[in-house]
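Enquirer:
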Amino acid sequence: MTTAGGGTLALSRIVGQDHAVQLLEGAHASGRMPHAYLFQGPDGVGKETTALELACALNCEKGGLDACGECRACAMARGMSHPDIHLVFPTPTTIKPDEYAAVIESQVKGGFRDADFGRKVPIISVDTVHTEVVAKANQRPYVGPWKVFVIADADAMTTEAANALLKTLEEPPDETVIVLTTSRPSALPTTIVSRCQRVPFVRLSDADVARILAGDPRLGFSAKQADAAASVARGSAGRAVRTDSKTVEAELERVASIMLGKRTRDVAGLLEEANNLAFRLGREEQQHVLDLMLLWYRDVLLVSSLGAGAGSCDLLYSRHSDAVASQARTMSVDLIESLITKIDGARRAIERYSNPTIVFTSVLLDMAIARRKAADRSAVRAA
Ligand SMILES: [Zn+2]
């Protein structure tokens, strides 16, 4: 989550979220800021960055829609030391208050990579809401004019925490804006949602993701690496930031070997591969593998439609362009599209916590059958 241009952000330079930015600009221009916003949309598309940029613009001494980035308020806001701008996000319950500050600092410095808490489930506790939001909202601003609270991934609030916040939303203190962000608005209590003005954020285009990655020197992507990472990020700059170019290459190789059926020639091999995917990977990684499988067939479809006109450099799996071309020749478009539908269904099944062994066994089997059909077809043709 970041914007093009590195350190010099501004609302008008938020990439790919024109509708959201227009809503905020309208409220800012009219001088009637809602007390609470709900920024909702996929992970990693700029919700937190936009919220902090709004906080910065509201407090900038020059008072423009784009924070000037130079005044004292902007300097404090950029350094996350503005006493009236508060960022809250989920952490494991075991984290200590001084560690919390360090996590925030590393988040800001790293351009909002997701904090990695291993297997611990991060939450927003009632204590955090009381001390970081409720108590501070009821004080006057130190520097002003606005107190802004950004509660990232607000759906991670416990029920108690949400109830504590609800009281503040019901009787909002003056000069206070609370921005909740979430990728799962349905996981928030309706009592909370109904008191917030909703601002929808959308998936980014590959080009926007690449622009964000290449545009922020903190992230260290070359233009070419940014393009490669964007192509597998499914419209989430945050997801792209979490990978690096070497990881992308290794993941592509692993998925290519699955797509070529190297280890799934017999039933035993197929079950073993399904178990590997089901037990060795977390749910997000499983979805990522399925995304990469979809992108393999996108390559196959591309070659199938363009024929010899598809240069291998247009392909994500350019290293395997021969194998991709061979599947494009031997698989019918209907067959490829039915596989895409099945993988898409598998992705949704994993999202809904279906049994991953069953999901992957079924997908690998469908792909093995399709490869067999294609081989038979080309054998018939050759005969
Ligand atoms: Zn300023």
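In the numbering used here, the protein residues as written are 1 to 383.
All C-beta atoms, glycine included, are put in the ideal place defined by N, C-alpha and C.
Gly215: beta carbon under 7 Å from a heavy atom of ligand 1?
Expert: no
Enquirer: Just how far apart, CA to CA, sit Leu204 and Leu335?
Expert: 29 Å
Enquirer: Taking all protein chains shown into account, decide if Pro200 is buried (16 or more other Cβ within 10 angstroms of its Cβ) or exposed.
Expert: With fewer than 16 other beta carbons inside 10 angstroms of its own, Pro200 counts as exposed.
Enquirer: Look at Met293 and Val255 and say whether their C-beta atoms are less than 8 Å apart.
Expert: yes
Enquirer: Let me know the secondary structure DSSP gives Lys373 once reduced to three states.
Expert: Helix, per DSSP.
Enquirer: Is the region 128-140 touching the region 55-69 in the sense that three or more CB pairs, one from each, lie closer than 8 Å?
Expert: no
Enquirer: Are the Cβ atoms of Ala368 and Leu290 separated by less than 8 Å?
Expert: Contact: no.
Enquirer: Would you grab the beta carbon distance between Leu180 and Ala154 for me? Rounded to a whole angstrom, and I think it's under 8 Å.
Expert: 4 Å
Enquirer: What number of angstroms, rounded off, separates the C-alpha of Phe39 from the C-alpha of Ile192?
Expert: 13 Å
Enquirer: In whole angstroms, what is the alpha-carbon distance linking Gly44 and Leu306?
Expert: 33 Å
Enquirer: Say the cut is 7 Å; is the CB of Ala55 nearer than that to a heavy atom of ligand 1?
Expert: no
Enquirer: What distance in whole Å lies between the Cβ atoms of Ile212 and Ala237, which are believed to be in contact at a cut-off of 8 Å?
Expert: 4 Å
Enquirer: Verify whether the separation of the beta carbon atoms of Ile124 and Ala164 is less than 8 Å.
Expert: no
Enquirer: According to DSSP, is Gln139 part of a helix, a strand, or is it coil?
Expert: coil
Enquirer: Taking Lys224 as part of the alpha helix (DSSP H), name the residues at either end of that continuous run.
Expert: Ala223 to Ser231
Enquirer: Could you check if Arg239 is buried or exposed, using at least 16 other CB atoms within 10 Å of its CB as the buried criterion?
Expert: Its Cβ being crowded by 16 or more others within 10 Å, Arg239 is buried.
Enquirer: Could you tell me which whole alpha helix (DSSP H) segments of length 4 or greater appear in the region 132-207?
Expert: 159-170 and 190-193
Enquirer: Taking Thr91 as the reference, give the member of Ala27, Arg377, Thr128 and Tyr37 with the closest Cα.
Expert: Thr128
Enquirer: Starting from the N-terminal end, write out each residue whose C-beta falls within a distance shorter than 7 Å of any non-hydrogen atom of ligand 1.
Expert: Listed along the chain, these residues meet the criterion: Cys60, Glu61, Lys62, Ala67, Cys68, Gly69, Glu70, Cys71, Ala73 and Cys74.
Enquirer: Could you pull the start and end residues of the alpha helix (DSSP H) that Ile85 belongs to?
Expert: Unbroken run through Ile85 is the beta strand (DSSP E), Ile85 to Val88; no alpha helix (DSSP H).
Enquirer: Reducing DSSP to helix, strand and coil, say where Tyr37 ends up.
Expert: strand
Enquirer: Does the distance from the C-beta atom of Leu295 to that of Leu271 stay below 8 Å?
Expert: no
Enquirer: Going by the CB atoms, is the gap between Asp84 and Val143 shorter than 8 Å?
Expert: yes
Enquirer: Assign Thr384 to buried or exposed, taking buried as 16 or more other Cβ atoms, counted over all protein chains shown, within 10 Å of its Cβ.
Expert: Residue 384 lies beyond the stretch modelled for the chain, which goes from 1 to 383, so this question has no answer here.
Enquirer: Check Leu271 in the structure and name its three-state DSSP category.
Expert: helix
Enquirer: Apply the 10 Å Cβ neighbour rule to Gly220 and answer buried if 16 or more other Cβ atoms are within range, or exposed otherwise.
Expert: exposed
Enquirer: For the alpha helix (DSSP H) that contains Gly238, what are its first and last residues?
Expert: Ala237 to Arg242
Enquirer: Buried or exposed, going by whether 16 or more other CB atoms sit within 10 Å of the CB of Glu53?
Expert: With a threshold of 16 other beta carbon atoms within 10 Å, Glu53 meets it and is buried.
Enquirer: Comparing alpha-carbon positions, which option in Glu284, Arg198 and Ala278 lies nearest Arg242?
Expert: Glu284
Enquirer: Which residues mark the beginning and the end of the alpha helix (DSSP H) in which Asn59 is found?
Expert: Lys47 to Asn59
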